[in-house]
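Below is one structure, written out as structure tokens, with a few remarks after it.
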Amino acid sequence: MGLLDELKTRILTADGAMGTLLYSYGIEYCNEELNLQRPEIIEKIHQEYIQAGADIIQTNTYGGNALKLARYGLEHQVKEINESAIRIAKRAAAPGGQFVFGTIGGIRGIRKSDATLQEIITMVDQQAGYLLAGDPDALLLETYYDFEELAETLIHLRKVTDVPLIAQVSMHEPGILQNGLALNDALHQLEELGADIVGVNCRLGPHHTIQALEEVSLPKKAYLSAYPNASLLDLENGRVVYESEADYFGRAGLLLREEGARLIGGCCGTTPKHIEALKKRIGNLKPITEKEVVRKKPIVIREAEALEEAQLHEKAKTERTIIVELDTPKHLDITKFIEGSKALSAAGVDAVTMADNSLASPRVSNLAMGAILKHQEQIRPLAHITCRDRNLIGLQSHLMGLDALGIHDILAVTGDPTKVGDFPGATSVYDVSSLELIQLIKKLNEGISFSGKLLRKKANFSVAAAFNPNVRVLDRAVSRLEKKIESGADYFISQPVYTKEKIIEIYEATKHLDTPIFLGVMPLTSIRSAEFLHNEVPGIKLSEDALERMRACGDDKDWASAEGIQIAKELIDTAAKLFNGIYLITPFFRYDMSLELIDYIRQLDRQKESDRSHVQTAN
């Protein structure tokens, strides 16, 4: 009798974790390579689960695709690894006639893979082909956090095979996927796309898995599956452990059955003991055919509060908009920073922007300084956020704090690596790239957390992205801008530019974009600082003309400052004609130089308006 026929009248017990047992043996490298190097270990684990009472075992191929195997230099052994895995499982199951599932694992998580969806489908097609050649009883698609990836994978496989397909999603939060889709809706969509069995696995323990399934109605045609973890994970002496008694897992199986699950197994942390306890509890029970679904009161997501001022990117589309960067201090005396910010605000800047520990050197938190500027001085802050210093937990917490403080203008950047800063031994996090950070921030604007949890209110962030035009091939930089726009960037802030020709080149290369660009201008203060910027600071390149003019000033500080201002004004002459947005970077806290440049920009605008009035009068 086939798998689906069995499930009509029986609850089937699946196996548990493979990686957990290998980890307990001290094996911490590529599990799938063991299909070739140590097949006897894999077969032994299969047999242990069969002896524990498992009706089903799955192949050791969760990471058996080219992308995951490439981490170990094994991308050219996809065929051998998968073919060996199905042979091993078939051999182990032959005496007892257990079902064998060919396992295909999800690739995307919160952090999107660099591979495109089409590339992922191609890899799935390759892996599935090798598994299907071994005649599995079903294909198990497990640990899919990205619903789009799972849906497209399912659609493709349904076209190429008639074997039963099991589609299992993974949740960060009970009852909801990371894109905000309710579990009930997700599972019924998977059923409509052709899945024979739909369910959940990984991340959550029995308690939260049961809680999630309480809100799921029974499928019309498909069957429900559940493969919870043994528990929430913990760390013990630096090693991952799962605190769960086997009998507790077995008792949880009874509740999973009450929620409609007919295929029940284990994921991370589960062992043959867990499966044995599960089998004892549910092995002789019939599946339920009706259930009462828990209807929880839906969470209402409030709209974001109306902003007091126009968003910077909207203003920059139609009129002159000036933002000025003023780095927060490296010490604890913030007096001069407040003084400078107040002077810039009085001069009419639209926002004071603050880097996030620029050049990987610790400074007073720009969140704290932004709050002081906004609430004590009524100055609009624009806070930079790097991917370097915070993991996903810290990033979301930081952004939620910014929203609570009413700071809505942010710049999402990758961040300079720690090796260039004051603490070269510190860890660079980089859980996400700047593109991914932009996407996650935009989720917050929909009231959805990074993990898919509903946040009860929408944020209202206006998100800037960085633009480095100081590259040899500008078209490549523009292509990256287009990717950032696709990710949700509202506007761009450029690195400082030091030639009129480059400004014109930037305009010509980006004029097809509707997304505003704030053109960066940074006045020079001395030849030493100029050479430092040119030779040591990533993303900044000066023209030879600018360097020569600064060299001519020698050690005369007043002459050097005046020459730096003059160079900046000449650049602004060109930039102001082509870009509404101007981004002034204050050098070494010389905000007096920024004030002079603000005044110069306003003079140009007044002159332009006067000339326009004269023309209209003459006509």
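Going by the UniProt record's numbering, the letters in the sequence shown line up with residues 1 to 619, in that order.
Ideal placement from N, C-alpha and C gives every residue a C-beta, glycine not left out.
Just so it is clear, the structure is predicted and the values come from calculations on it, not from any experiment.
Could you tell me the distance, in whole angstroms, from the CA atom of residue 151 to the CA atom of residue 588? On the sequence shown, residue 151 is found 151 positions in, with the first residue counted as 1. On the sequence shown, residue 588 is found 588 positions in, with the first residue counted as 1. Cα to Cα, residue 151 sits roughly 52 Å from residue 588.
Using the rule of at least 16 other Cβ atoms within 10 Å of the residue's Cβ for burial, across every protein chain shown, is residue 191 buried or exposed? Locating residue 191 in the sequence shown gives position 191, where the first residue counts as 1. Residue 191 should be labelled buried.
Any 3 or more C-beta pairs closer than 8 Å across the stretch 442-450 and the stretch 392-401: yes
Between which residues of its own chain and residue 391 is the CB-CB distance below 7 Å, once the five residues before and five after are set aside? Looking up residue 391 in the sequence shown gives position 391. Hits under 7 Å: 429, 431.
What does the Cβ neighbour count give for residue 512, buried or exposed, with the cut at 16 atoms within 10 Å? Along the sequence shown, read from residue 1 onward, the residue named residue 512 stands at position 512. Residue 512 should be labelled exposed.
Across the stretch 595-615 and the stretch 528-539, are there enough close Cβ pairs to call them in contact, namely three or more that are closer than 8 Å? no
First and last residue of the beta strand (DSSP E) that includes residue 495? For the purposes of this step, residue 495 is taken as the residue at position 495 of the sequence shown. It spans 491-496 - the beta strand (DSSP E) in which residue 495 sits, taken as one unbroken run.
Can you have a look at residue 45 and say buried or exposed, based on whether 16 or more other CB atoms are within 10 angstroms of its CB? Locating residue 45 in the sequence shown gives position 45, where the first residue counts as 1. Buried: at least 16 other Cβ atoms inside 10 Å.
Alpha carbon to alpha carbon, how far is residue 583 from residue 238? Give it in angstroms, no decimals. Mapped onto the sequence shown, residue 238 falls at position 238. Mapped onto the sequence shown, residue 583 falls at position 583. Residue placement at residue 238 is poorly supported in this model, since its pLDDT is 47, which falls under 50; the coordinates are not used for a value here.
Under DSSP, the alpha helix (DSSP H) around residue 93 begins and ends at which residues? Taking the sequence shown and counting its residues from 1, the one referred to as residue 93 is at position 93. Run containing residue 93: 78-93, per the alpha helix (DSSP H) assignment.
Extract the residue ranges of the beta strand (DSSP E) inside the stretch 285-359, only unbroken runs of 3 or more that lie entirely within it. 321-325, 351-354
Drop a sphere of 10 angstroms on the beta-carbon of residue 408, count the other beta-carbons inside from all chains shown, and report buried for 16 or more, exposed for fewer. As a first step, residue 408 is located in the sequence shown; it is residue number 408 there, counting from the start. Result: buried.
Report the CB separation of residue 266 from residue 275 in whole angstroms; it is logged as a contact under 8 Å. Numbered from 1 along the sequence shown, position 266 holds the residue referred to as residue 266. Numbered from 1 along the sequence shown, position 275 holds the residue referred to as residue 275. Right, the Cβ-Cβ distance comes to about 6 Å (below 8 Å), so this counts as a contact.
Return the CA-CA distance between residue 176 and residue 506, expressed in angstroms with no decimal places. Working through the sequence shown from its first residue, we reach residue 176 at position 176. Working through the sequence shown from its first residue, we reach residue 506 at position 506. Cα-Cα distance, rounded: 44 Å.
Residue 503 vs residue 574 beta-carbon contact at 8 Å: Residue mapping note: residue 503 aligns to position 503 of the sequence shown, counting from 1. Residue mapping note: residue 574 aligns to position 574 of the sequence shown, counting from 1. Yes, these two residues count as a Cβ contact at 8 Å.
Would you report the Cα separation of residue 36 and residue 81, rounded to the nearest angstrom? One-based indexing of the sequence shown puts residue 36 at position 36. One-based indexing of the sequence shown puts residue 81 at position 81. The alpha-carbon atoms of residue 36 and residue 81 are separated by roughly 6 Å.
Identity of the residue in 109, 418, 386 nearest residue 437 by Cα: Your numbering for residue 437 matches position 437 in the sequence shown. When each option's Cα is compared against that of residue 437, the closest is 386.
Consider the C-beta atom of residue 80 and the heavy atoms of the ligand ATP; say whether any pair is separated by less than 7 Å. As presented, the structure is devoid of all ligands, the ligand ATP included, so that no description of it is given.
If contact is defined by three or more beta carbon pairs under 8 Å, each pair taking one atom from either stretch, is the stretch 314-325 in contact with the stretch 288-305? no
Please list the segments of the beta strand (DSSP E) lying wholly inside the stretch 406-489, counting only runs of 3 or more residues, in order along the chain. 409-413, 462-467
Quick one, are the C-beta atoms of residue 452 and residue 180 less than 8 Å apart? As a first step, residue 452 must be located in the sequence shown, where it is residue number 452. As a first step, residue 180 must be located in the sequence shown, where it is residue number 180. In this structure, residue 180 lies closer than 8 Å to residue 452 by Cβ.
Minimum Cβ-Cβ distance from residue 551 to chain E less than 8 Å: This model lacks chain E altogether; it includes just one protein chain.
Can you tell me whether DSSP reads residue 116 as helix, strand or coil? Taking the first residue of the sequence shown as position 1, residue 116 is located at position 116. DSSP places residue 116 in coil when its eight states are reduced to three.
Could you give the DSSP three-state label for residue 589: helix, strand or coil? On the sequence shown, residue 589 is found 589 positions in, with the first residue counted as 1. The answer is helix: DSSP assigns residue 589 an H, G or I state.
Could you name the residues of the same chain whose beta carbon sits closer than 8 Å to that of residue 124, not counting the 5 residues immediately before and after it, in chain order? Against the sequence shown, residue 124 aligns to sequence position 124. Only 65, 104, 153, 156, 157 meet the Cβ criterion.
Write down the C-beta distance between residue 314 and residue 353 rounded to the nearest angstrom, noting that I regard them as a contact closer than 8 Å. Indexing the sequence shown from 1 puts residue 314 at position 314. Indexing the sequence shown from 1 puts residue 353 at position 353. Not confirmed; about 17 Å, so no contact.
Here's the rule I'm using: 16 or more other beta-carbon atoms within 10 Å means buried, otherwise exposed. How should residue 376 be labelled? Within the sequence shown, numbered from 1, the residue matching residue 376 stands at position 376. The residue is exposed, with fewer than 16 neighbouring Cβ atoms inside 10 Å.
Beta carbon of residue 500 nearer than 8 Å to that of residue 570: To locate residue 500, count along the sequence shown from 1; it is residue 500. To locate residue 570, count along the sequence shown from 1; it is residue 570. Their beta carbons are under 8 Å apart, which means residue 500 touches residue 570 by this criterion.
May I ask which residues mark the beginning and end of the alpha helix (DSSP H) holding residue 206? Taking the first residue of the sequence shown as 1, we reach residue 206 at position 206. Its alpha helix (DSSP H) spans residues 206-213.
Does the stretch 76-90 come into contact with the stretch 298-310, if we say contact requires no fewer than three beta-carbon pairs (one atom in each stretch) closer than 8 Å? no
Residue 9 versus residue 216 - alpha carbon distance: Taking the sequence shown and counting its residues from 1, one reaches residue 9 at position 9. Taking the sequence shown and counting its residues from 1, one reaches residue 216 at position 216. Straight-line Cα distance between these residues: approximately 20 Å.
For residue 668, which three-state DSSP category applies? Because the chain is modelled from 1 through 619, residue 668 falls outside the range shown and cannot be assessed.
What runs of the alpha helix (DSSP H), each 4 residues or longer, lie entirely inside the stretch 135-205? 147-160, 183-192
Hey, out of 288, 62, 477, 330, whose CA is closest to residue 143's CA? The residue you call residue 143 lines up with position 143 of the sequence shown. Comparing Cα-Cα distances from residue 143 to each of 288, 62, 477, 330, the minimum goes to 62.
Opposing strand residues paired with residue 224 [DSSP bridges]: Residue mapping note: residue 224 aligns to position 224 of the sequence shown, counting from 1. For residue 224, which the question treats as bridged, DSSP gives the partners 198, 261.
Anyone know if the C-beta pair for residue 279 and residue 488 falls short of 8 Å? Along the sequence shown, read from residue 1 onward, the residue named residue 279 stands at position 279. Along the sequence shown, read from residue 1 onward, the residue named residue 488 stands at position 488. Taking 8 Å as the Cβ cut-off, residue 279 and residue 488 do not qualify as a contacting pair.
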